[in-house]
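The numbering of the sequence shown is my numbering, which starts it at 874 and goes up by one. Positions of the beta carbon are idealized from the N, C-alpha and C atoms, including for glycine. Computed from a predicted model, the values in this text were never measured in an experiment. Worksheet for the structure shown next.
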Amino acid sequence: MNGQTVALAVSTVIFAARDTGPDGRKELWVPLVRRIREPFGGMWALPGGPLLEDEDLEASAARALQLTTGLHPGYLEQLYAFGGLTRSANADERVVSIVYWASIRADQTSDLHADLNVAWMRVSELPPLAFDHSDIVEYALYRLRNKVIYSRVAYSFLGETFTLAELREVHEAILGTPLDPANFRRHVLASGAVLDTGTRLEGTPHRPPRLYRYNTDLDLADLFPAGRTTQEKP
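Written out as structure tokens, the structure is:
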């Protein structure tokens, strides 16, 4: 026995699709927190904190996220447990992190704490992160890209109503590749996943596009409430 203690922590990768790309197209962003103490002092890291004795994992993830960033995600799912022997620079303590991934709407991104040590960053332009957090973000993005293909998770990035172009741009931001608008439209409408609200988006220079909403009558088995599912890492 080497006397090393083991601590449990909870971290969250929270994605938002923001209209910051070329021609206002959506890009994936994540909030990061700059560490103000060692180890890895001054480096950016995922928001998180220690697991307290009197709280469950989901409550810990929500508390740490609100405390460090001020954000309240509408979708929260357990991602994986990271506990490599060398992931902590503190030899006296081994930290095992239960990681969640989450999403919020673009109009919620302004809720981020006004703090020099908290910032939104493009997923495509992240600096080296503390601990193994770069690997964690990469794995969370991998899971999100796989999930968006067979589930309805893209709707968690949007408001109650949206255009098909907005929905397609969320898919493009997640997948990192352009999609054919006509094929995407046919696929979405044929799936029955959206319903025409009978209204149109106002304030556009051309013919206003139709507004849709998610069909809540469909089976929501793939939209697990927060903390209801754990993904297996391949």
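Distances from the alpha-carbon of ALA954 to those of PRO946, PHE1035, LYS899, ASP1008 put ASP1008 closest. In the three-state scheme derived from DSSP, where H, G and I count as helix and E and B as strand, ILE909 is classed as coil.
Comparing C-alpha distances from ARG1083 to each of HIS1060, VAL883, TYR1012, LEU1074 shows the shortest one belongs to LEU1074. Counting of Cβ neighbours within 10 angstroms places SER976 among the buried residues, the total reaching 16 or more.
Between LEU1091 and ALA1066, the C-beta spacing is below 8 Å.
Residue state for ASP965 is assigned as coil, using DSSP reduced to three classes. Secondary structure of LEU1014 (DSSP, three-state): helix. By the C-beta criterion, the stretch 996-1003 is judged to be in contact with the stretch 899-906, since at least 3 inter-stretch pairs fall below 8 Å.
A Cβ-Cβ contact shorter than 8 Å links GLU1033 with ARG1086.
By the CB criterion at 8 Å, SER1029 and VAL972 fall outside the cutoff. In the DSSP annotation of this structure, the continuous segment of the beta strand (DSSP E) that includes SER884 starts and ends at 878-891. Of the residues assessed, GLN877 falls on the exposed side of the cut-off, its CB having fewer than 16 other CB atoms within 10 angstroms. Each residue's CA atom was taken as its position, placing PRO1081 and ALA935 some 38 Å apart.
Within the same chain, Cβ atoms closer than 7 Å to the Cβ of ALA979 are found at ALA889, ALA890, ARG891, ASP892, the five residues on either side in sequence being excluded. The beta-carbon distance between ARG1016 and LEU944, rounded to whole angstroms, is 20 Å. This is too long to meet the 8 Å contact definition. ALA880 is a Cβ neighbour of PRO923, given a cutoff of 8 Å.
Rounded to the nearest angstrom, the gap between the Cα atoms of GLN981 and GLY947 is 10 Å. About 22 Å separates the CB atoms of GLU1011 and ARG898; that is not less than 8 Å, and the two are not in contact.
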